[in-house]
Structure formats: C-alpha cells, structure tokens
Amino acid sequence: MVKVIIYPTNSLILSDLVERFGHKPLAMMEKIKEKISTVGVDSPPLNITPEEPKMGLKYAAVEVPAGVRGRMAIIGPMIDEAQAGIIVNDSPMAFGCMGCARTNELTKYLIRQREIPVLEVDYPHGDNEEEAKEFVYKIAEFLKSLPKNEGEDEV
Amino acid sequence: MSDGENDTLTKIVVISSDSVLPVDAAMKIYQSNTDIIIKETCFGTMITGPRDAVNRVVKEVVDLDRNHIFVKERGFLPGDERRCRSSRGGGPRPGFHYLRHEVQMLPTIGKALDAYDRKVPLKEIKQKKKLDVDKLIELIGSEL
Amino acid sequence: MSDKSVVKVALVSCGSEYAGVHKELESVAKSVDAKLVFPEIDVSSLDTIGRDFGIEAASADLRLMMARAKAVVEGIADVDGVFITSCFRCAEAAIVRNELRRYIHKHSDIPVISYSFTERTTAATLMTRMEALTTIARRKHLLAREHQTGLTAGIDSGSTTTKAVVMKDDKILGMGWVPTIKVIESATEAFDRALEQAGVKREDIQAIGTTGYGRFLVGEHFNAQLVQEEITVNSKGAVYLANKQKGPATVIDIGGMDNKAISVDDGIPGMFTMGGICAGASGRFLDMTAKRLGVDITELGALAVKGMQEKVDMNSYCIVFGIQSLVNSLAKGSTPEDVAAAACHSVVEQIFEQQLQEVDVKEPLILVGGSSLIEGVPKALGQLLKIKVLVPPNSHMIGAVGSALLASGFLEE
Numbered sequence: 002m003v004k005v006i007i008y009p010t011n012s013l014i015l016s017d018l019v020e021r022f023g024h025k026p027l028a029m030m031e032k033i034k035e036k037i038s039t040v041g042v043d044s045p046p047l048n049i050t051p052e053e054p055k056m057g058l059k060y061a062a063v064e065v066p067a068g069v070r071g072r073m074a075i076i077g078p079m080i081d082e083a084q085a086g087i088i089v090n091d092s093p094m095a096f097g098c099m100g101c102a103r104t105n106e107l108t109k110y111l112i113r114q115r116e117i118p119v120l121e122v123d124y125p126h127g128d129n130e131e132e133a134k135e136f137v138y139k140i141a142e143f144l145k146s147l148p149k150n151e152g153e154d155e156v
Numbered sequence: 179m180s181d182g183e184n185d186t187l188t189k190i191v192v193i194s195s196d197s198v199l200p201v202d203a204a205m206k207i208y209q210s211n212t213d214i215i216i217k218e219t220c221f222g223t224m225i226t227g228p229r230d231a232v233n234r235v236v237k238e239v240v241d242l243d244r245n246h247i248f249v250k251e252r253g254f255l256p257g258d259e260r261r262c263r264s265s266r267g268g269g270p271r272p273g274f275h276y277l278r279h280e281v282q283m284l285p286t287i288g289k290a291l292d293a294y295d296r297k298v299p300l301k302e303i304k305q306k307k308k309l310d311v312d313k314l315i316e317l318i319g320s321e322l
Numbered sequence: 253m254s255d256k257s258v259v260k261v262a263l264v265s266c267g268s269e270y271a272g273v274h275k276e277l278e279s280v281a282k283s284v285d286a287k288l289v290f291p292e293i294d295v296s297s298l299d300t301i302g303r304d305f306g307i308e309a310a311s312a313d314l315r316l317m318m319a320r321a322k323a324v325v326e327g328i329a330d331v332d333g334v335f336i337t338s339c340f341r342c343a344e345a346a347i348v349r350n351e352l353r354r355y356i357h358k359h360s361d362i363p364v365i366s367y368s369f370t371e372r373t374t375a376a377t378l379m380t381r382m383e384a385l386t387t388i389a390r391r392k393h394l395l396a397r398e399h400q401t402g403l404t405a406g407i408d409s410g411s412t413t414t415k416a417v418v419m420k421d422d423k424i425l426g427m428g429w430v431p432t433i434k435v436i437e438s439a440t441e442a443f444d445r446a447l448e449q450a451g452v453k454r455e456d457i458q459a460i461g462t463t464g465y466g467r468f469l470v471g472e473h474f475n476a477q478l479v480q481e482e483i484t485v486n487s488k489g490a491v492y493l494a495n496k497q498k499g500p501a502t503v504i505d506i507g508g509m510d511n512k513a514i515s516v517d518d519g520i521p522g523m524f525t526m527g528g529i530c531a532g533a534s535g536r537f538l539d540m541t542a543k544r545l546g547v548d549i550t551e552l553g554a555l556a557v558k559g560m561q562e563k564v565d566m567n568s569y570c571i572v573f574g575i576q577s578l579v580n581s582l583a584k585g586s587t588p589e590d591v592a593a594a595a596c597h598s599v600v601e602q603i604f605e606q607q608l609q610e611v612d613v614k615e616p617l618i619l620v621g622g623s624s625l626i627e628g629v630p631k632a633l634g635q636l637l638k639i640k641v642l643v644p645p646n647s648h649m650i651g652a653v654g655s656a657l658l659a660s661g662f663l664e665e
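Chains as they are written, first to last, in this note's numbering: chain Y, 2 to 156; chain G, 179 to 322; chain C, 253 to 665.
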C-alpha cells in the first residue's frame, strides 16, 4: 500500500478508486478534518489562520496571493508525503478547495516535479461510456502496478 | 497514527446502484449495532463514529453492490456549525457543487468498474482534433 | 429596516477562507450588527455562468462569485448589502471583483463594497467600510435628510486635524479647526472655538454628531446622538455643501492619512473605496512638501498654481519615493512653484490610479477635505480627468458639517 495524492484533491471518485484498489488516498478532506479539530484554534470555518499563508511561503513566494499560499500550506505537505500521484486533467468543475486555478496549476506542477510514479488521465466527456471505461481502466492498472507493501515502496 | 477507537471519522457513502437503495444501506447501518451516527443527505449517507466502527460498517454497505457504491472521507462532521448551510445563511459550502457534479458521473464509473471486472477490452476512441490550418485555408479558397 | 435590525450582507468572495481572514470578516460584521450570508444560487447556473455573465474565469470560485452576485441582483438572495472580496495581487480575481461591483451597482440599489485582502487584513481595517455598508442599509431615512434644523454641532476627529462646527437652520454659526494631538483635548478645543465663534453655550446645543477616526471616543465624551463613519457623513456633507443633493455625484475626499472616493446617488453612497496604498497619495505628502519648501501648508496651493508640474518628474506612489524625487528635483534646481505643482499632480495621479478605477466618476465631481483648499489639487484633478471640479465652500469642514446635519435628524425622533 502506498500513499497516492489525487488531483482534484477533494474528488470522491479518485479517493474511492485509490482505496478500492488497496492504497491510501491523500486527499483534502482528511487534512481539513485535522485543521478543524485542532484544539485551541478558533478561526472558522476552516481554522485556517494568518499563519497558514506564511507556512505556504515554502511553496510559493510572498507575491503570490494569500489564498494560494493558505491552500498550499495544506496541499503542499500532502505532495511532499505522496509516494504516487494521479492527476485528472480537464476536469470541468472543481470547487471549494480546488476553486483557485492558480493553486491548481502550482499543485499539478509540484506533483509532476516529485520523482514518483504519476498517472495523468483526461476527464471523460459527459456520459461517454467508452471514455469512462478508459478512465477507470487506466487508473485501475496504475494502482495495481504500485507496490502492495509499504516495505517495497520507492519504485 | 490515529487511534482506531477514539479517533472520530465521517465518511460519505454515495449509492448509485440499481439493486441497493439508500434505505437498504441505512438499514444495514442501523443493524450494525455499533456506536455510530448516520445522516442521509441529497447525495448520500454520512456515517460518523469511531474510525474502526465506521470503516467496518462502510465495508458492509459497499459489499452490497461493490461497484456502484462509492465512499470518501469528509472533513466536517454533519451539521458542523462552521459549514452547515442553516447557520451560514443560505448557499451551500463550495464542496457541495463539486460533489454534485461527481455524483452525476457515478453510473458511468460503476459500469466501467463492472466492465473492468469482466475484463471487457477497451475500444479505440477517436478523439476529435482541431481542423488543420492548411485544410481550413483550402476550404476557404474553395468557397471563393 | 429599523436601526436595530440585523443587516444581511452577502459575502461574495474568493480565497478568504484559505487566507486566514475569514474570521476577521465575521468579526467585523458582528461588531456592526451585521450577518454575513452566502447567497443561495441556482446550482445548474454554475455550468454556464462564465458565458452568461461574460467572464470565463479559470477559477471555479470566481465563477461561484458571479453566480452569487447574479442571485443578489435577481433577488433570489434577499440581502441588504454586498461585500465583494478576493486576494490582493490576484489579477484574475481583480477583474471579476471589479466587474461584479459595477454589475451590482448598475442593476440594483444594494450598496456594495469591494476589498482585496492579504493575510494581514484585520477586522479593524475593515471596520469603517463595513460600518458604512450597514449604515446605508439601516439608516436610509436619516441619510435622506436635506436640511439642518435646530442648533446642532458636528465634530470630525480626523487623523491629522480635528474640525468642529456649530450650525443653526442650515447656517454655519461657528467653526474650529485644530491639529489632532490628543483626541479628546483637540476635539474639545475645536468645539470650544466653534461655540465661541457662534456665541452659544455647550448646553444650548440640541444634538451632536461625531465622525472620523476618533469618533467613538469623542462621541462618548460629548454624549453624541450620532457617531458615524466618515463615508456616509462626508458624502452627505459634500452634496449638502455643494447643493447637489439630488441625482448622481462623485465625492473625493483627500484626507490627512487616507482618501475616499464615493459614488453618490441622491446623497446616498452606492460604491466607495477607501485607503490607497501609501500616504504618498494623501494630504500627508502635501504637508511634507510644504515643510520641505519652507512654506506654510496654506501657501502651498498658491505656489502650485503658478508652477508647471510637467517640469518635475515626481511619483509619490510610495511616500519615500515621493520625498526622494522632491529632494532630487530641488537639488537639480527646480523652482518651488514647479515642485509644488508636481506634488499636487502626483497626489491626484495616485488617487486616479488607485481609487477612481473603483468607482464610476459621474459629474458633478465634488472635492472635499483639507487638501481641497490647496488650489493646485483641484486644478490638477480637473486637468487629469478633463472635467470641472467643484470645491464647495467650507470643503475642509465636510465631516463636521455632515455630522451636524445628520445629528439634527435626532431632534425630531
């Protein structure tokens, strides 16, 4: 089992597929949960304080907007932790955590920069079943190719 | 690592099945007799409780129709004041729109998973390409 | 809507939750008894909003902003004001933010403010803006007042100077204008001068209004009936003094520390901006120029109208750079007249670049605040905008007059 970062980082489908094929998805939801259950911090709704944009300086310079750096303070460590990645390109909608196009560009770039196995697939069009099939097959094969035991990571 | 007994977790289970209804899943969860809370929403059932119990129940539900029931973790507990639309005065949290979009795709994803299990081979898909500029020039020329 | 009701402010934002400023937004809203709400939208509209509104923004949260603004305009969301906000330095968001502000202003009567934040934005920074937004929603009847009645006083406790007036039935009986040193002492001095000139006693005053940075402290000290931020007070004061109470107007107030640009309609502010990046765009820079030239601030204007700004290269985008060019030009032998003219031009240029882009300039353009008395300033503004700039009589007393006018509304209540 390896830790797989997914992009979009809050995707139900990707998170489900990673877990379904026996790996651990690194997704936004879990990080948000950590944030909001931090005792002693009261900065609703996400408990992100002005400290996060400062921590985000590790991933983006000070001239990058605070909202991007605040997001990177959460996404960045996930990228650092990942042992594999799945990037879905051209996904039509991405809200919330993925609502900022600049953050998304940086996130994808940083995933690609890591020397880990990364699968890039296109988002299937509408209800085109063949495209959806190709999408699922590629992801399934990729996940199956990743090591099963943590001991044998570092592919 | 998280403590499986004390760590509280919320998972959202989305059912996109012809054979299992959300109510069947809910019954399954109620029967499980563990220390968990469930909440049904427009897009699925949220299950909250100790990590181990939630994972166990979720597995039981998913096993009802493996390829057509989908799961993801959720950051906020159901009804969390900071995110609940009743206390936010109006519109839903942004993640809601994304979930809504993905849920519409689940039937096709489910079918694809069935096909993958049955090892149905992929057909070649022809991608639409943008018209070659030379071809366009030729077309314009032929119209004049 | 009564003075007591909670004002519903639609938050149309991108990035605030992730920049760590959301709590500040909630906190400032709470302090002025407002509630931030997230407009309910037609979910399916998100798929097409880019084309429908016309900006195909790459960021989904910006598209969500457009859908929310549309819900406000179409009345799907029932709100009293709109706060549009996004990350500072985000070009994509700046385009959307500005266009949404215009769109809401054009298609509804709902007051709008827009602001770009950094992680350092605090509730205190947003206070005056949010207070103005709620006042416009809550006190429309008060802002509709066109005449000052009875014997009232207004005190404007500004960052640099404190102004006080005593008024009776639309006439200014007495004025006081002193530098702000200690807030209450300076206010007392200004007020006493105004009382003395008017020949009335403090106990004869029927109602007092306060505004400016020190309004809370001064208001408490004098037991004022009205304690009000300077955006609504100054817009009201400007159209009142300029006798342009009906129809559209644009008010520019160059203060000692920051500037305000306000689009006014029938005396009520619709869109406004406050601040600027640096004091280089404010009266403070003119004050420093006068000191460097060795003249009194009251003489700077006369000097400036005699000079030609084109002869001196000056940019007070940052006050330190501004002073550098001031020193350099004098060292190169520029005349004090040209330097004074260039300083006035530079201040006006900053206002044009930083603030007038955020409001729609409609005539009449009313220039107020202490800096409006420096003749070079209205001249430079008129040249830059190519329109006539109106400086009403007593334009420096704008906040005090506005307060005295609005305070008289309390006599009848």
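Yeah, the Cβ is synthetic: ideal placement off N, Cα and C, and Gly gets one too.
Return helix, strand or coil for Arg-244 (chain G), following the three-state DSSP convention. Residue numbering aside, residue 244 (chain G) sits at position 66 when the second sequence is read from its first letter. If DSSP states are grouped into helix, strand and coil, Arg-244 (chain G) belongs with the helices.
Contacting positions in the region 238-256 of chain G - beta carbon closer than 7 Å to chain Y: Phe-248, Val-249, Lys-250, Glu-251, Arg-252, Gly-253 and Phe-254
With a CB to CB cut of under 7 Å and the five nearest residues on each side skipped, what residues in its chain are close to Glu-142 (chain Y)? Translated into positions along the first sequence, residue 142 (chain Y) becomes position 141. The answer is none, since no qualifying residue turns up.
Residues bridged to Asn-511 (chain C) (per DSSP): As a working mapping, residue 511 (chain C) is identified with position 259 in the third sequence. BP columns for Asn-511 (chain C) point to C:Ile-506 and C:Gly-527.
Could you pull the DSSP bridge partners for Ile-388 (chain C) from this structure? By 1-based counting over the third sequence, the position of residue 388 (chain C) is 136. None; Ile-388 (chain C) has no bridge partner.
Distance check for Leu-545 (chain C) and Ser-577 (chain C), CA to CA, integer angstroms please. By 1-based counting over the third sequence, the position of residue 577 (chain C) is 325. By 1-based counting over the third sequence, the position of residue 545 (chain C) is 293. Cα-Cα distance, rounded: 13 Å.
Please name the residues in the region 280-306 of chain G whose beta-carbon is closer than 7 Å to at least one beta-carbon of chain Y, in chain order. Glu-280, Met-283, Thr-286, Ile-287, Lys-289, Ala-290, Leu-291, Ala-293, Tyr-294, Leu-300, Lys-301 and Ile-303
Taking buried to mean at least 16 other C-beta atoms within 10 Å of its own C-beta, is Thr-386 (chain C) buried or exposed? Residue 386 (chain C) sits at position 134 when you count from the first residue of the third sequence. Buried, because 16 or more other Cβ atoms sit within 10 Å of the Cβ of Thr-386 (chain C).
Check whether the Cβ of Ile-307 (chain C) lies closer than 9 Å to any Cβ atom in chain Y. As a position in the third sequence, residue 307 (chain C) is number 55, starting the count at 1. Cβ-Cβ to chain Y under 9 Å: no for Ile-307 (chain C).
Can you tell which of C:Gly-622, C:Glu-627 and C:Val-417 has its C-alpha closest to the C-alpha of Cys-596 (chain C)? Reading the third sequence from its first residue, position 344 is the one you call residue 596 (chain C). Checking every option, the nearest Cα to that of Cys-596 (chain C) belongs to C:Glu-627.
May I ask you to report which of helix, strand or coil DSSP gives Asp-408 (chain C)? In the third sequence, residue 408 (chain C) corresponds to position 156, counting from 1. Strand.
With a 10 Å radius around its C-beta and 16 neighbouring C-beta atoms as the bar for buried, classify Cys-530 (chain C) as buried or exposed. On the third sequence, residue 530 (chain C) is found 278 positions in, with the first residue counted as 1. Buried: at least 16 other Cβ atoms inside 10 Å.
In chain C, what lies closer than 8 Å to Lys-162 (chain Y) by C-beta? With chain Y represented from 2 up to 156, any question about residue 162 (chain Y) goes unanswered, as that position is not in the structure.
Proximity test, Cβ basis, 9 Å: Leu-199 (chain G) and chain Y: On the second sequence, residue 199 (chain G) is found 21 positions in, with the first residue counted as 1. Cβ-Cβ to chain Y under 9 Å: no for Leu-199 (chain G).
Taking beta-carbon pairs under 9 Å, can you tell me which members of the region 122-136 of chain Y lie near chain C? none
Cα-Cα separation, Ala-405 (chain C) to Leu-395 (chain C): Here residue 405 (chain C) refers to the residue found at position 153 when the third sequence is read from its first residue. Here residue 395 (chain C) refers to the residue found at position 143 when the third sequence is read from its first residue. Spanning the two alpha carbons is a distance of roughly 17 Å.
Backbone secondary structure at Glu-218 (chain G) - three-state DSSP: The count along the second sequence starts at 1 and reaches residue 218 (chain G) at position 40. Strand.
Please give me, in chain order, every unbroken run of the alpha helix (DSSP H) with length at least 4 that falls completely inside the region 578-659 of chain C. 588-606, 628-637 and 650-659
Quick one: is Pro-66 (chain Y) near chain G, going by C-beta distance under 9 Å? Locating residue 66 (chain Y) in the first sequence gives position 65, where the first residue counts as 1. Not one chain G Cβ lies under 9 Å of Pro-66 (chain Y).
Please confirm if Glu-52 (chain Y) has its CB atom under 9 Å from at least one CB of chain G. Within the first sequence, residue 52 (chain Y) is the residue found at index 51, counting from 1. Output row for Glu-52 (chain Y): interface = no.
Can you give me the Cβ contacts of Ile-356 (chain C) inside the same chain, cut-off strictly under 7 Å, excluding the 5 residues immediately before and after it? The residue you call residue 356 (chain C) lines up with position 104 of the third sequence. Here the set comprises Ala-321, Val-324, Val-325, Val-334, Ile-362 and Val-364.
Pick from C:Leu-555, C:Gln-497, C:Ala-459 and C:Met-382 that is closest to Pro-644 (chain C), judged by C-alpha positions: Working through the third sequence from its first residue, we reach residue 644 (chain C) at position 392. Ranking C:Leu-555, C:Gln-497, C:Ala-459 and C:Met-382 by Cα distance to Pro-644 (chain C) puts C:Gln-497 first.
I need the straight-line Cα distance from Phe-474 (chain C) to Asn-48 (chain Y), nearest angstrom please. Stepping through the third sequence from its first residue, residue 474 (chain C) is reached at position 222. Stepping through the first sequence from its first residue, residue 48 (chain Y) is reached at position 47. One C-alpha to the other measures close to 41 Å.
Assign Ala-271 (chain C) to one of three DSSP states: helix, strand, or coil. Here residue 271 (chain C) corresponds to residue number 19 of the third sequence, with the count starting at 1. The answer is coil: DSSP assigns Ala-271 (chain C) none of H, G, I, E or B.
Between the alpha carbons of Phe-604 (chain C) and Met-523 (chain C), how many angstroms are there, rounded? For the purposes of this step, residue 604 (chain C) is taken as residue 352 along the third sequence, with counting starting at 1. For the purposes of this step, residue 523 (chain C) is taken as residue 271 along the third sequence, with counting starting at 1. Their backbone Cα atoms lie some 16 Å apart in a straight line.
Output the boundary residues of the beta strand (DSSP E) element that contains Gly-426 (chain C). Here residue 426 (chain C) refers to the residue found at position 174 when the third sequence is read from its first residue. It spans 423-431 - the beta strand (DSSP E) in which Gly-426 (chain C) sits, taken as one unbroken run.
Specify, as a first and last residue, the run of the beta strand (DSSP E) that Lys-415 (chain C) falls within. As a working note, residue 415 (chain C) is residue 163 in the third sequence. Start and end: 413-420.
Taking the C-alpha atoms as reference points, what is the distance between Gly-621 (chain C) and Val-289 (chain C)? The residue given as residue 621 (chain C) occupies position 369 in the third sequence. The residue given as residue 289 (chain C) occupies position 37 in the third sequence. Going by the C-alpha atoms only, they are around 35 Å apart.
Rounded separation between His-24 (chain Y) and Lys-139 (chain Y) - CA only: In the first sequence, the residue the question calls residue 24 (chain Y) occupies position 23. In the first sequence, the residue the question calls residue 139 (chain Y) occupies position 138. Near 15 Å, if we compare the C-alpha coordinates of Lys-139 (chain Y) and His-24 (chain Y).
Which residue's Cα is closest to the Cα of Asp-196 (chain G): G:Asn-245, G:Thr-212 and G:Lys-217? Position 18 of the second sequence, counted from the start, is the residue given in the question as residue 196 (chain G). The shortest C-alpha separation from Asp-196 (chain G) is found at G:Asn-245.
Would Arg-445 (chain C) and Gly-464 (chain C) be called neighbours here (beta carbons separated by less than 9 Å)? As a working note, residue 445 (chain C) is residue 193 in the third sequence. As a working note, residue 464 (chain C) is residue 212 in the third sequence. No, Cβ-Cβ distance for Arg-445 (chain C) and Gly-464 (chain C) is not below 9 Å.
If we call anything under 9 Å between Cβ atoms a contact, is Val-236 (chain G) one with Val-191 (chain G)? For the purposes of this step, residue 236 (chain G) is taken as the residue at position 58 of the second sequence. For the purposes of this step, residue 191 (chain G) is taken as the residue at position 13 of the second sequence. Yes. Within cutoff.
7 Å Cβ cut-off: residues of chain Y touching Val-192 (chain G): One-based indexing of the second sequence puts residue 192 (chain G) at position 14. In chain order: Leu-13.
According to DSSP, which residues form a beta bridge with Asn-567 (chain C)? Counted from its first residue, the third sequence places residue 567 (chain C) at position 315. None; Asn-567 (chain C) has no bridge partner.
Could you please give me the residues that DSSP links to Cys-339 (chain C) through a beta bridge? For the purposes of this step, residue 339 (chain C) is taken as residue 87 along the third sequence, with counting starting at 1. Answer is C:Phe-369, bridged to Cys-339 (chain C).
Between the region 561-573 of chain C and the region 493-513 of chain C, are three or more C-beta pairs nearer than 8 Å? no
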